[in-house]
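Trainee: In the numbering used here, the protein residues as written are 12 to 380. Sharing a structure with you now.
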């Protein structure tokens, strides 16, 4: 197939409530939604990027520019016979992986329609449901935190992830653990600590956590290897794993006990599958992190998380966790066993509400050969 047209939309979709981490606060999604056309079929993708470079180096504006000026024209010059071709064609491009992923997702979605296959089938998924949890942002105080966690448990979530930062780490975690002794619990630092905090972070060992996510610098692997030796709790690397090569380095250095695979962060599904397979061979479990995606990107994450080595609950919560109204007409809802059902419809299964998508679009670009 040859791509005949690429549409790039920047949206603004308000969150149900602001989401705060150790490094930033966001009021809504500024994702870039991608749509491709070829041979009478379309494919949808999403780059769940933010307006500023707080999570990684990419922003809404850089993603739009990269897809419009570089990536879409690159793909349009080639016949694509399989979605895995995209990774090879983008090999000369350095970084800009969320931009690459948004377009790659759309190609996978298109091939699903062309082949009449679900994304789960194409990726090699083995589950019809995936276990999920919910991520809880930093709260004003512990009482507020306990109320938020209690509400999510009442909704049916059986795993909670707490965002932490210096001054908001040991005591909030202790309060949640003492209130719910058997809760599946983990924490996420979003790169706010240094190796000098090793003794302090070791205090988290007493709480029986599933993992401590990305405590040190966003691009570090070596110091995480040193920290892991000082902790009983497994370290999970997130921001540090931006490619299969980075995953290999982390595994060889024993820098972590768990890997968080966010397909948008690593450049798409092809790279995600490579990391999944590498971690499986090393007996390191993986899980699917979320980037507060709309229903388009959420469907992609759910399909990926159906692969066999996704052993821990992911951050792919039901759509209503983040949005009062999403840009799809078939949002995910939480099953009673804290799972989401994997779509079996062709392609990703996301049914885009184009009228509402138009309403939340703040910028639109089109690329043609």
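We put the beta carbon where it would ideally sit given N, CA and C, even for glycine.
Please state whether the Cβ-Cβ distance between residue 354 and residue 314 is less than 8 Å.
Mentor: Taking 8 Å as the Cβ cut-off, residue 354 and residue 314 qualify as a contacting pair.
Trainee: To which residues of the same chain is residue 312 closer than 6 Å at the C-beta, ignoring the five residues directly before and after it?
Mentor: Correct list, in chain order: 299, 327.
Trainee: Note the first and the last residue of the continuous alpha helix (DSSP H) segment covering residue 98.
Mentor: 96–100 is the extent of the alpha helix (DSSP H) around residue 98.
Trainee: So, are the CB atoms of residue 109 and residue 58 less than 8 Å apart?
Mentor: For residue 109 and residue 58, yes; Cβs fall inside 8 Å.
Trainee: Please return the same chain residues whose Cβ sits closer than 7 Å to the Cβ of residue 363, not counting the five positions on each side in sequence.
Mentor: 55, 307, 338, 339.
Trainee: What residue does the alpha helix (DSSP H) around residue 367 start on, and which one ends it?
Mentor: Looking at the DSSP string, the run of the alpha helix (DSSP H) that includes residue 367 is 365–371.
Trainee: Nearest to residue 9 by alpha carbon, out of 316, 367, 28?
Mentor: This structure gives no information on residue 9, because the portion of the chain shown stretches from 12 to 380.
Trainee: Kindly identify the DSSP beta-bridge partner or partners of residue 321.
Mentor: Bridge partners of residue 321: 297.
Trainee: Is it buried or exposed for residue 126, if we count other Cβ within 10 angstroms and need 16 for buried?
Mentor: By the neighbour-count rule (16 or more Cβ atoms within 10 Å), residue 126 is not buried but exposed.
Trainee: I'd like the ranges of any beta strand (DSSP E) spanning at least 3 consecutive residues and lying wholly in the stretch 239–271.
Mentor: Within the stretch 239–271, the complete beta strand (DSSP E) runs of at least 3 residues are 246–248.
Trainee: Which term fits residue 273, buried or exposed, when burial requires 16 or more other beta carbons within 10 angstroms of its beta carbon?
Mentor: Buried, since its Cβ has 16 or more Cβ neighbours within 10 Å.
Trainee: Taking 6 Å as the limit between beta carbons, can you name the residues of its chain near residue 380, skipping five residues before and five after?
Mentor: Closer than 6 Å at Cβ, skipping near neighbours: 87.
Trainee: What does a CB cutoff of less than 7 Å around residue 221 pick up in its chain, not counting 5 residues either side in sequence?
Mentor: Around residue 221: 195, 196, 197, 323.
Trainee: Does the stretch 18–25 come into contact with the stretch 275–295, if we say contact requires no fewer than three beta-carbon pairs (one atom in each stretch) closer than 8 Å?
Mentor: Because the criterion of three Cβ pairs below 8 Å is not met, the stretch 18–25 and the stretch 275–295 do not touch.
Trainee: Do residue 97 and residue 74 have their C-beta atoms closer together than 8 Å?
Mentor: No. Outside cutoff.
Trainee: Closest by CA to residue 378, which one among 25, 69, 82, 52?
Mentor: Out of 25, 69, 82, 52, 82 has the C-alpha closest to the C-alpha of residue 378.
Trainee: One question on the structure: do residue 215 and residue 190 come within less than 8 Å of each other, judged by their Cβ atoms?
Mentor: Against a cut-off of 8 Å, the Cβ pair of residue 190 and residue 215 comes out as no contact.
Trainee: Compute the Euclidean distance between the alpha carbons of residue 103 and residue 279, then round it to the nearest angstrom.
Mentor: When rounded, the distance between both Cα atoms is 15 Å.
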